[in-house]
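Engineer:
In the working numbering, the protein residues as written are 4 to 69.
Written as structure tokens, this is what we have:
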């Protein structure tokens with residue numbers, strides 16, 4: 004979840020926000036899919052916020068089918 008990035012505006016919706024002191028977990032629905040995004044402690048997302056979720060492709064690991 005820490006490799007995902009979240010920004011305001013978009014078609015995903017924040018369902019739940021859990022504060023853990025040192026960081027925050029933001030639970031987001033994108034259509035039928037549910038995602039958890041780890042954010043910093045200063046994150047101020049709230050339930051119902053519309054957001055965009057993305058990731059940095061340089062941090063993605065891919066594996067061969069074989």
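Note that the Cβ used here is the ideal one computed from N, Cα and C, for glycine as well.
Just mark residue 63 as buried or exposed, buried being the case when its beta carbon has 16 or more other beta carbons within 10 Å.
Structural biologist: Here residue 63 refers to the residue found at position 60 when the chain shown is read from its first residue. Exposed, by the Cβ-count rule.
Engineer: Would you say residue 31 touches the ligand COA, meaning its beta carbon is less than 7 Å from a heavy atom?
Structural biologist: With respect to the ligand COA, the structure offers nothing, as it holds no ligand at all.
Engineer: Is residue 43 near residue 59, with beta carbons less than 8 Å apart?
Structural biologist: Mapped onto the chain shown, residue 43 falls at position 40. Mapped onto the chain shown, residue 59 falls at position 56. In this structure, residue 59 does not lie closer than 8 Å to residue 43 by Cβ.
Engineer: Relative to the C-alpha of residue 41, which residue among 61, 68, 22 and 13 is closest?
Structural biologist: Locating residue 41 in the chain shown gives position 38, counting from the first residue. If we check each option's Cα against that of residue 41, 22 comes out closest.
Engineer: Could you please give the first and the last residue of the uninterrupted beta strand (DSSP E) stretch that includes residue 57?
Structural biologist: Within the chain shown, numbered from 1, the residue matching residue 57 stands at position 54. First-last of the beta strand (DSSP E) with residue 57: 53-58.
Engineer: Do you know offhand how far residue 20's Cα is from residue 36's?
Structural biologist: Along the chain shown, one-based indexing puts residue 20 at 17. Along the chain shown, one-based indexing puts residue 36 at 33. Their backbone Cα atoms lie some 17 Å apart in a straight line.
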